[in-house]
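Let me begin by presenting the structure, written as structure tokens, before commenting on it.
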Amino acid sequence: MIKHLLILTTYGQIFYSQEFEKTEQTVDVALTGGLMSAIYSMTSETQKENISEFELVTSRIIFQEEEQDLLFVLTVDKRMDIKDTNEILKAISKRFFEKYGELRVDGLILTDFEKDATEIIYKKLWYLNTQERKFRVWDYFATVFVTLALCWYSLLLFGSPPIAGMPEFSIKTFVWESLLQRINDPGGFILQLLFLVAVIAVPAVGVYLLFKFTHVKDIFRFPRDYLSRPSRASYAELLPNYFLLTILVSFLIYVSFMTFGGGYFSELTVYPLFPGGLLGDEFNQPFDLGDIVGSIKVSDVGDQLLIGTISWFTWVFVFPLIYSLLLGGKRWLRTYKNAVFITSITIFILIICYIFAGVKYLEAVGFHPTDPATFRTEQQMLTYQLLSTIPLNIFFYGFLLFLGIGVNKVSPSKTRIPSVIALVIGIYSTLIIQRLVFFALVVPA
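Each residue of the sequence shown is one higher than the one before, starting from 24 at the first, in this note's numbering.
This is the structure in structure tokens:
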């Protein structure tokens, strides 16, 4: 993403040059330095203000003038996050002054600054190092374990359909009430406490150790960086194939929220579906771990798994396919891979929608989603709009915003179709496909 770094004076004296992207033709540093100083001086004299950047077809050149007429110039990929670029340039200029201070010798090329510049850039763009790493078998197992642990905690946090022997499954029933039942039995109390420590604390310790001693942290680190700033999606093309494990991670976590939280995205996607409604009103029996297959057939868990899987699949695979076919040209597969990767991360925002749209949430704030007649009346209330619909829409459109910014950065357009139009076509086509599938499933019931 970073192509070239140049440190020179405003009158053309070059102090340092470093090339990060290999090209077929060697760049003439002296000619480049002269051109940069000329452009900078010309704009300063003619426009009476300094130039901060200018754009080429695929590149952006950033200028930063410091004291003593020093000019720091960074050439980057046009899609690179501009804030990251400015932060890198500031860090380089700061390190340069710390190391050399007032040292200025005519004709001196400070080649020993390469170590410092490389350190700063690779610390900020740690993605560049991932291509050199080898993802071991142990790292794959670690990633799956961490994902399952996250699913387990979502089960504790949001509960699930009732399990045999419990009226409901939640932190309250699993932890507090189980301890109260054994308060008069010291031995049983201690054993139950140790059991709770094992099933709650041990997975947390395991996740911590795996993050510390394996490469699994990188699988989760990039999603965190992307969700904090979606314009970093262009870095997806720098990542090796093992980062595609994020797709599996997103699926397991997404479906776990659908299942354990009773999440139906009813307002915007599957409005006519209620728990048990997909397979018929009689299929609303409690979920029994002793008969998982049978329980899926007679409870609403099967409905949620089916809806969650279809929704996840269409966003993660169908939407990127439509988008990449419109924009990717002959190399659409590369665009598709990056778009799938970014969409599988953005889906984490959609999880929050299911938290607000979930049956468990609606029941917790006083509504009756399992009673269609009552629920339809409650949906007209202002309270329902404030507690459910508005938060749901905020996070759904936040999902679309992050999706749009991210996918639009994964690859430059290779066709004449504007990327925004391709994005809109992809989103609406995906929603239409989702609704057609869901309504087709409702008809037989």
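Ideal Cβ positions, reconstructed from N, Cα and C, are used throughout, including at glycine.
Predicted model, so just to flag it, every value in this text is computed and none were measured.
Is it buried or exposed for residue i, if we count other Cβ within 10 angstroms and need 16 for buried?
| i | result |
| --- | --- |
| Gln154 | exposed |
| Ser347 | buried |
| Gly351 | buried |
| Tyr63 | buried |
| Asn152 | exposed |
| Pro253 | buried |
| Trp355 | buried |
| Ala259 | buried |
| Phe422 | buried |
| Gln403 | exposed |
| Thr98 | buried |
| Ile396 | First, the amino acid is wrong: residue 396 is Ala here, not Ile. By the neighbour-count rule (16 or more Cβ atoms within 10 Å), Ala396 is not buried but exposed. |
Consult DSSP for residue i and reduce its assignment to one of helix, strand or coil.
| i | result |
| --- | --- |
| Leu405 | helix |
| Gly286 | strand |
| Lys432 | coil |
| Tyr34 | coil |
| Lys26 | strand |
| Gly381 | strand |
| Glu42 | strand |
| Val388 | coil |
| Ile455 | helix |
| Arg357 | helix |
| Gln204 | coil |
| Pro263 | coil |
| Thr156 | A small fix is needed here, since residue 156 is Arg in this sequence, not Thr. Here Arg156 sits in coil by DSSP. |
| Gly124 | coil |
| Pro441 | coil |
| Thr366 | helix |
| Thr134 | helix |
| Thr412 | helix |
Terminal residues of the continuous alpha helix (DSSP H) containing residue i?
| i | result |
| --- | --- |
| Lys138 | 137-147 |
| Trp175 | 160-181 |
| Asp490 | Outside the modelled stretch of the chain, which goes from 24 to 468, sits residue 490, for which no answer is possible. |
| Asn152 | 150-153 |
| Val220 | 209-236 |
| Leu349 | 342-350 |
- prompt: Can you list the beta strand (DSSP E) stretches of 3 or more residues lying completely in the region 71-114, in chain order?
  reply: Given a length threshold of 3 residues, each whole run of the beta strand (DSSP E) inside the region 71-114 is given here in chain order: 76-78, 82-89, 93-100.
- prompt: Should the region 165-173 be regarded as contacting the region 270-288, the criterion being three or more beta carbon pairs within less than 8 Å?
  reply: Yes: the two stretches touch, three or more of their Cβ pairs being nearer than 8 Å.
field: Three-pair Cβ contact test at 8 Å for the region 86-106 versus the region 33-46
entry: The region 86-106 vs the region 33-46: in contact.
field: Given 8 Å, three or more beta-carbon pairs between the region 372-387 and the region 438-445
entry: Cβ pair count under 8 Å is below three, so no.
field: Given 8 Å, three or more beta-carbon pairs between the region 332-340 and the region 214-234
entry: Fewer than three pairs of CB atoms, one per stretch, sit closer than 8 Å, so the region 332-340 makes no contact with the region 214-234.
task: Please confirm if the region 240-255 is in contact with the region 422-433, defined as three or more CB-CB distances below 8 Å between the two stretches.
output: yes
query: Is the number of C-beta pairs between the region 261-268 and the region 191-208 that are closer than 8 Å three or more?
result: no
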